[in-house]
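Numbering (UniProt numbering), first residue to last: 1 to 129.
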């Protein structure tokens, strides 16, 4: 049994939202929850977030989608790969989160305890401690 950490950050790497799901949960299912309470004009995400319903939602909210298309997509879209390079900010933030040994190895037995620990680590990251 595994756990996935889903998070959204701003352009400076500050964590806005942090969610936990089971390891088998598709990333795109958590997209709307990650966008809750955030005013954004651009969403930079990996191929796991390439779905028509999310692209339609982002378009209706006037949010630019910087998501590379999956190879299996019938109609390939263009992607601004210059803007996509900014995705390294989220990857670096995830790596900072996993520097905490209890998060990297998931010592906590319950999801509530693990989420609490992730939130504490996210607070330290946001405060640059």
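In this text, a Cβ means the ideal position worked out from N, Cα and C, and glycines have one as well.
(request) Could you tell me which of 124, 52, 6 and 95 sits nearest to residue 75, measuring between CA atoms? (result) Looking only at 124, 52, 6 and 95, the smallest Cα-Cα distance to residue 75 is reached by 52.
(message) Given this structure, state the Cα-to-Cα distance separating residue 130 from residue 81, to the nearest angstrom.
(response) Since the first residue of the chain shown is 1 and the last is 129, residue 130 is not available in this structure.
(request) Starting from the C-beta of residue 65, find all residues in its chain whose C-beta is less than 6 Å away, skip the five residues before and the five after it, and write them out in chain order. (result) Once the five neighbours on either side are set aside, the close Cβ partners of residue 65 are 43, 55 and 58.
(request) Pick out whichever of 109, 87, 35 and 98 has its Cα sitting closest to the Cα of residue 12. (result) It is 87 whose Cα lies nearest to the Cα of residue 12.
(request) Report the three-state DSSP secondary structure of residue 123 (helix, strand or coil). (result) Helix, per DSSP.
(request) Only counting runs of 3 or more residues, tell me where the beta strand (DSSP E) segments fall wholly within the region 14–93, in order along the chain. (result) Entirely contained in the region 14–93, the beta strand (DSSP E) runs reaching 3 residues are, in chain order, 15–22, 42–44 and 64–66.
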